[in-house]
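Q: Numbering (this note's numbering), first residue to last: 104 to 316. Where a beta carbon is used, it is the ideal one built from N, C-alpha and C, also for glycine. Just so you know, these numbers come straight off a predicted model, no measurement behind them. There's a structure below that I have some questions on.
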């Protein structure tokens with residue numbers, strides 16, 4: 104609006120200065136009616152041309168502003184879409200990594216003193232181990248390591264550790280894990296999970312650990 108006022112002011116000033124001078128020169132020789140009409144027509148044409156130029160300039164400015172706004176909105180939309188895509192990819196990656204870690208993790212199985220049979224409270228953990236081995240990366244092999252607490256001879260504990268590993272293997276094969284995927288090994292008392300000379304330590308050392316290969 105300010106631009107329009109400025110433009111009209113300039114036009115009016117031009118007309119006020121130019122036309123009287125022109126008319127004054129013409130009066131010296133007495134302009135005819137046709138000349139006066141031509142002068143007025145020229146003045147009106149100049150005003151019209153100036154107005155058209157101003158309108159065209161304003162329309163171009165508004166069009167440029169609209170295009171800039173459209174481009175900014177489009178850029179913002181694309182940036183938001185890209186951010187959402189990256190966030191979704193990261194969420195999917197984290198979920199896949201969490202599932203991988205969860206499915207790769209196999210629970211340790213614990214045993215009573217001097218026993219190799221599967222305890223009732225350990226069956227649910229073994230069932231979950233079997234499910235993971237069947238459903239996730241079934242091409243993996245698994246090693247079942249049998250362990251004992253420190254009581255008993257080395258030879259006896261090696262044999263007991265093997266019995267515990269075999270008991271876990273039998274349970275897994277009965278649950279649908281291919282026999283050829285499972286290896287067993289006994290470490291007897293050589294690799295305690297917890298150091299100590301009481302039942303709280305021994306109970307954690309009487310175990311079978313399952314490790315994917």
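Thinking C-alpha only, which one of 194, 162, 189 and 313 is nearest residue 286?
A: As a first step, residue 286 is located in the chain shown; it is residue number 183 there, counting from the start. With distances taken between Cα atoms, residue 286 lies closest to 313.
Q: Just verifying my parser: in three-state terms, what is the DSSP assignment at residue 315?
A: Position 212 of the chain shown, counting from 1, holds the residue named residue 315. Correct three-state label for residue 315: strand.
Q: So for residue 285, helix, strand or coil by DSSP?
A: Working through the chain shown from its first residue, we reach residue 285 at position 182. In this structure, residue 285 counts as strand in the three-state DSSP scheme.
Q: Are the Cβ atoms of residue 310 and residue 213 separated by less than 8 Å?
A: Position 207 of the chain shown, counted from the start, is the residue given in the question as residue 310. Position 110 of the chain shown, counted from the start, is the residue given in the question as residue 213. Result yes, Cβ atoms of residue 310 and residue 213 sit closer than 8 Å.
Q: Return the chain-ordered list of same chain residues with a C-beta closer than 8 Å to the C-beta of residue 233, the five sequence neighbours on each side being excluded.
A: For the purposes of this step, residue 233 is taken as residue 130 along the chain shown, with counting starting at 1. Hits under 8 Å: 274, 275, 278, 279 and 280.
Q: Have a look at 143, 300 and 139 and flag the residue whose alpha-carbon is nearest the alpha-carbon of residue 321.
A: Residue 321 lies beyond the range of the chain shown here (104 to 316); nothing can be said about it.
Q: Residues bridged to residue 310 by DSSP?
A: Locating residue 310 in the chain shown gives position 207, counting from the first residue. DSSP lists 213 and 250 as partners of residue 310.
Q: By the three-class DSSP mapping on this structure, what secondary structure does residue 239 have?
A: Here residue 239 refers to the residue found at position 136 of the chain shown. If DSSP states are grouped into helix, strand and coil, residue 239 belongs with coil.
Q: With distances taken between CB atoms, is the gap from residue 316 to residue 271 smaller than 8 Å?
A: As a position in the chain shown, residue 316 is number 213, starting the count at 1. As a position in the chain shown, residue 271 is number 168, starting the count at 1. No, Cβ-Cβ distance for residue 316 and residue 271 is not below 8 Å.
Q: From the DSSP output, in three-state form, read off residue 141 for me.
A: Here residue 141 is taken as the residue at index 38 of the chain shown, counted from 1. In this structure, residue 141 counts as helix in the three-state DSSP scheme.
Q: Hey, how far is the Cα of residue 145 from the Cα of residue 158?
A: Start at 1 with the first residue of the chain shown, and residue 145 comes out as number 42. Start at 1 with the first residue of the chain shown, and residue 158 comes out as number 55. Computed Cα separation, rounded: 20 Å.
Q: Ignore the nearest five residues each way along the sequence and tell me which others in residue 237's own chain have a CB closer than 7 Å to its CB.
A: As a position in the chain shown, residue 237 is number 134, starting the count at 1. Excluding positions up to five away in sequence, the list reads 279 and 280.
Q: Quick one: what's got a C-beta closer than 7 Å to residue 289's C-beta in the same chain, skipping five residues either side?
A: On the chain shown, residue 289 is found 186 positions in, with the first residue counted as 1. Contacts found: 249, 261, 264, 265 and 268.
Q: Could you check what DSSP says for residue 129 in three-state terms: helix, strand or coil?
A: Mapped onto the chain shown, residue 129 falls at position 26. Here the model assigns residue 129 a pLDDT of 46, short of 50, so the residue's position is not dependable and the matter cannot be decided.
Q: In the DSSP assignment, what are the bridge partners of residue 291?
A: The sequence position of residue 291 within the chain shown is 188, counting from 1. According to DSSP, residue 291 bridges with 250.
Q: Secondary structure at residue 245, three-state DSSP: helix, strand or coil?
A: To locate residue 245, count along the chain shown from 1; it is residue 142. Reduced to three states, the DSSP call for residue 245 is strand.
Q: Please report how far the alpha carbon of residue 150 lies from the alpha carbon of residue 142, in whole angstroms.
A: Here residue 150 is taken as the residue at index 47 of the chain shown, counted from 1. Here residue 142 is taken as the residue at index 39 of the chain shown, counted from 1. So the alpha carbons of these two residues sit roughly 12 Å apart.
Q: Between the alpha carbons of residue 259 and residue 291, how many angstroms are there, rounded?
A: One-based indexing of the chain shown puts residue 259 at position 156. One-based indexing of the chain shown puts residue 291 at position 188. Straight-line Cα distance between these residues: approximately 8 Å.
Q: Apart from the five residues just before and just after residue 207, which ones in its own chain have a Cβ nearer than 7 Å to its Cβ?
A: Here residue 207 is taken as the residue at index 104 of the chain shown, counted from 1. Once the five neighbours on either side are set aside, the close Cβ partners of residue 207 are 315.
Q: Grouping DSSP H, G and I as helix and E and B as strand, with all else coil, what is residue 220?
A: Taking the chain shown and counting its residues from 1, one reaches residue 220 at position 117. Residue state, collapsed to three classes: coil.
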